[in-house]
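Quick note on numbering: the sequence shown equals residues 1367 to 1646 in the working numbering. Where a beta carbon is used, it is the ideal one built from N, C-alpha and C, also for glycine.
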Amino acid sequence: MPIASKVAFVADSTLGLCPEEALKQGIHVVPQQVIWGNRTLRDQLDITDEEVLDLLRRGERLSTSQVALEDLRSTYETLLQTHERVLSVHVSGHLSGTVATAMAVAREFGERVKVLDSWSLNGGLLLVLEEARRLLIRGVAWEHLEEAVAPYRERVRGYVLPETLIYLHRSGRISGLQRFMGGLLSILPVLEVKGGRVLAGPRVRGFKEGLRRLVELFRRDFPDGGLVYLAHAGNPEGARTLGEALRAEGVEVLGTLRAGAAVSVHAGPGTVALFAGPRG
1367 MPIASKVAFV ADSTLGLCPE EALKQGIHVV PQQVIWGNRT LRDQLDITDE
1417 EVLDLLRRGE RLSTSQVALE DLRSTYETLL QTHERVLSVH VSGHLSGTVA
1467 TAMAVAREFG ERVKVLDSWS LNGGLLLVLE EARRLLIRGV AWEHLEEAVA
1517 PYRERVRGYV LPETLIYLHR SGRISGLQRF MGGLLSILPV LEVKGGRVLA
1567 GPRVRGFKEG LRRLVELFRR DFPDGGLVYL AHAGNPEGAR TLGEALRAEG
1617 VEVLGTLRAG AAVSVHAGPG TVALFAGPRG
């Protein structure tokens, strides 16, 4: 029996799939935490994506935090009752403490639990997890999995387009002056996710131009094509427009995900994102 059939796959909720949807793909989701005032809520369990977006639109201040240690431990314990091993793939360690916590918990289970830093989030995380699963199916040894995944992970990219500067300002990503000037000129930043970090990309005049620029950035980094997931924070029309532009150029879009609490809190409702990786 191939090793992949004996492995349970775990991801945190920045994956962009609700637990039920993820489980259909053989992925067990552990929740990040959403902080609202003095309340700590488990992402997609105690609070839905729609509720997060509604609170943000109402002007509520939210933040997010890493997966709780207890949730990771109980998930690993439960899965190891029916599987020989667990592969736990998470949001970039530069963006969250989840990877570090998962590695600390994994040590309690020896070689049976392996933790991978995706160097991304959302669709990028999903692409890295899917590549790891393909490698296991092809026969890559468990102890060599991380080094086998590394070349693919290094090429995964994300391109994030906020609909407004309001939430980047609230989260401290831009100054008040930048927000004021950007609002006057309808200038929006494209954020690029690569190497595990979120970097400032090109500036665009308006959301429609921004969507076109996402396609251009994808073509720049993947001239021979690649695997694509889209994501949005309450903006299905924006994601649909982006998907149509990509398909018009012959790009296969694997699916559309929820942006999730982490992206929504920092970039805001209306955000659209494209995550891409090379074909395996």
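Cβ shell of E1497 (< 8 angstroms), same chain only, five flanking positions each side left out: Within the sequence shown, numbered from 1, the residue matching residue 1497 stands at position 131. Cβ neighbours of E1497 beyond the five flanking positions: V1515, Y1518, R1519, G1643, G1646.
Neighbour-count burial assignment, I1503, 16 or more Cβ in a 10 Å radius: Here residue 1503 is taken as the residue at index 137 of the sequence shown, counted from 1. That one is exposed.
Pairwise C-alpha distance: K1574 and S1458: In the sequence shown, counting from the first residue as 1, residue 1458 sits at position 92. In the sequence shown, counting from the first residue as 1, residue 1574 sits at position 208. Whole-angstrom Cα-Cα distance: 29 angstroms.
State yes or no: is the C-beta of R1578 nearer than 6 angstroms to some heavy atom of the ligand HEM? Ligands displayed in this structure: none; no statement on the ligand HEM is therefore possible.
Around the C-beta of T1333, are 16 or more other C-beta atoms found within 10 angstroms, so that it is buried, or is it exposed? In the structure as shown, the chain begins at 1367 and stops at 1646. Residue 1333 is therefore absent and cannot be evaluated.
Reduced DSSP category for F1588 - H, G, I as helix; E, B as strand; rest coil: Position 222 of the sequence shown, counting from 1, holds the residue named residue 1588. Coil at F1588, not helix or strand.
Under the three-state DSSP convention, the category S1645 falls into: Counted from its first residue, the sequence shown places residue 1645 at position 279. According to the sequence provided, residue 1645 is Arg. The question's Ser does not apply to it. R1645 carries a coil assignment under DSSP once its states are collapsed to helix, strand and coil.
Beta-carbon spacing of R1671, P1635 below 7 angstroms: Outside the displayed span of the chain (1367 to 1646) sits residue 1671, for which this structure offers no information.
Can the beta-carbon of V1522 be found closer than 7 angstroms to that of L1557? Taking the sequence shown and counting its residues from 1, the one referred to as residue 1522 is at position 156. Taking the sequence shown and counting its residues from 1, the one referred to as residue 1557 is at position 191. No; because the gap between Cβ atoms is not below 7 angstroms, this pair is not in contact.
For A1566, which beta-bridge partners are listed by DSSP? Taking the first residue of the sequence shown as position 1, residue 1566 is located at position 200. Here A1566 is bridged, per DSSP, to L1557.
Backbone CA spacing between H1510 and R1571 [nearest angstrom]: On the sequence shown, residue 1510 is found 144 positions in, with the first residue counted as 1. On the sequence shown, residue 1571 is found 205 positions in, with the first residue counted as 1. Looking at the two C-alpha atoms, the distance is approximately 46 angstroms.
Cβ separation of W1485 and G1561, assumed to be a contact under 8 angstroms, to the nearest whole Å: Stepping through the sequence shown from its first residue, residue 1485 is reached at position 119. Stepping through the sequence shown from its first residue, residue 1561 is reached at position 195. Right, the Cβ-Cβ distance comes to about 6 angstroms (below 8 angstroms), so this counts as a contact.
Measuring alpha carbon to alpha carbon, tell me which residue in V1617, R1606, A1614 is nearest A1639. What you label residue 1639 is simply residue 273 of the sequence shown in a count that begins at 1. Closest option to A1639, Cα to Cα, is R1606.
Give a yes or no on whether the C-beta atoms belonging to A1628 and G1489 are separated by under 7 angstroms. Position 262 of the sequence shown, counted from the start, is the residue given in the question as residue 1628. Position 123 of the sequence shown, counted from the start, is the residue given in the question as residue 1489. No, these two residues do not count as a Cβ contact at 7 angstroms.
Which same chain residues end up closer than 7 angstroms to V1400 when comparing Cβ atoms and leaving out the 5 residues on each side of it in sequence? As a position in the sequence shown, residue 1400 is number 34, starting the count at 1. Contacts found: L1407, D1409, I1413, V1418, L1428, T1430, A1627.
Pick from V1479, G1476, L1453: whose alpha carbon is nearest that of L1491? Stepping through the sequence shown from its first residue, residue 1491 is reached at position 125. Per the Cα distances, L1453.
Under three-state DSSP, which class holds T1607? Stepping through the sequence shown from its first residue, residue 1607 is reached at position 241. Helix at T1607.
Please state whether DSSP places L1383 in a helix, a strand or coil. Counting from 1 along the sequence shown, the entry for residue 1383 is found at position 17. Of the three classes helix, strand and coil, the one that applies to L1383 here is coil, per DSSP.
Between the C-alpha atoms of G1567 and A1633, what's the straight-line distance to the nearest angstrom? Locating residue 1567 in the sequence shown gives position 201, where the first residue counts as 1. Locating residue 1633 in the sequence shown gives position 267, where the first residue counts as 1. C-alpha separation (whole angstroms): 14 angstroms.
Beta strand (DSSP E) runs wholly inside the stretch 1427-1492, at least 3 long, in chain order: With a minimum length of 3 residues, the continuous beta strand (DSSP E) runs that stay inside the stretch 1427-1492 are 1428-1431, 1451-1456, 1479-1483.
Among T1441, P1589, T1530, V1506, the one whose alpha carbon lies nearest that of I1393: Counting from 1 along the sequence shown, the entry for residue 1393 is found at position 27. Nearest in C-alpha terms to I1393, of all of T1441, P1589, T1530, V1506, is T1441.
Assign D1378 to buried or exposed, taking buried as 16 or more other Cβ atoms, counted over all protein chains shown, within 10 Å of its Cβ. Position 12 of the sequence shown, counted from the start, is the residue given in the question as residue 1378. Classification of D1378: buried, given that the 10 Å Cβ count is 16 or more.
With burial defined as no fewer than 16 other Cβ atoms inside 10 Å of the residue's Cβ, what is the status of K1480: buried or exposed? One-based indexing of the sequence shown puts residue 1480 at position 114. Burial call: buried.
For L1435 and V1564, which I take to be in contact (beta-carbon distance under 8 angstroms), what is that distance rounded to the nearest angstrom? In the sequence shown, residue 1435 corresponds to position 69, counting from 1. In the sequence shown, residue 1564 corresponds to position 198, counting from 1. That belief does not hold up - the Cβ atoms of L1435 and V1564 are roughly 25 angstroms apart, past 8 angstroms.
Just list the residues that DSSP pairs Y1595 with in beta bridges. As a working note, residue 1595 is residue 229 in the sequence shown. G1621, F1641, per the DSSP bridge assignment.
When the Cα atoms are used, what is the spatial distance from K1372 to R1499? The residue labelled residue 1372 in the question sits at position 6 within the sequence shown. The residue labelled residue 1499 in the question sits at position 133 within the sequence shown. Rounded to whole angstroms, K1372 and R1499 show a C-alpha spacing of 11 angstroms.
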